[in-house]
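Working notes for the structure below.
Residue numbers (our numbering): 1 to 112.
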């Protein structure tokens, strides 16, 4: 058993070690992927993939109360997944990165 690997050869083991994630990256990825582990957040993300939207419109589209929408958006902002901007009295939320929308689309591809 060279290099401490049971089934991997030395070259493959070294290559795999190069791609292992450090603790900070793991924590950040867990936060990002937690976005997709909640039905409400996933539904909100799917709307924001199409267009920036305000809390009232999200609430009406998804048929959930505004408090729940606001709570989920706050969590999403804390993770760094959404931006917000004001137009007059209305605050709109948008995805910080199109990559989040791409992940949803890839998930749908995986299911088909």
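By construction, the Cβ of each residue, glycine as well, lies at the ideal position given by its N, Cα and C atoms.
Around residue 80, the same chain offers 96 as residues with beta carbons nearer than 7 angstroms, after the five sequence neighbours per side are excluded.
Residue 92 has its alpha-carbon roughly 13 angstroms from the corresponding atom of residue 59. Take residue 35, set aside five residues on each side of it, and the residues of its chain with a beta-carbon closer than 8 angstroms to its own are 41, 42, 45, 76, 79, 81 and 100, in chain order.
Taking all protein chains in view, the Cβ of residue 48 is crowded by 16 or more other Cβ atoms within 10 Å, so the residue is classified as buried. Looking at the backbone, the Cα of residue 23 and that of residue 70 are separated by about 30 angstroms.
In the DSSP annotation of this structure, the continuous segment of the alpha helix (DSSP H) that includes residue 33 starts and ends at 23-34.
Here residue 12 is exposed. Its C-beta has fewer than 16 other C-beta atoms within 10 Å. Scanning 66, 68, 54 and 102 for the CA closest to the CA of residue 90 turns up 54. Per DSSP, the beta-bridge partners of residue 87 are 90.
One Cα belongs to residue 57, the other to residue 68, and the distance between them is close to 13 angstroms.
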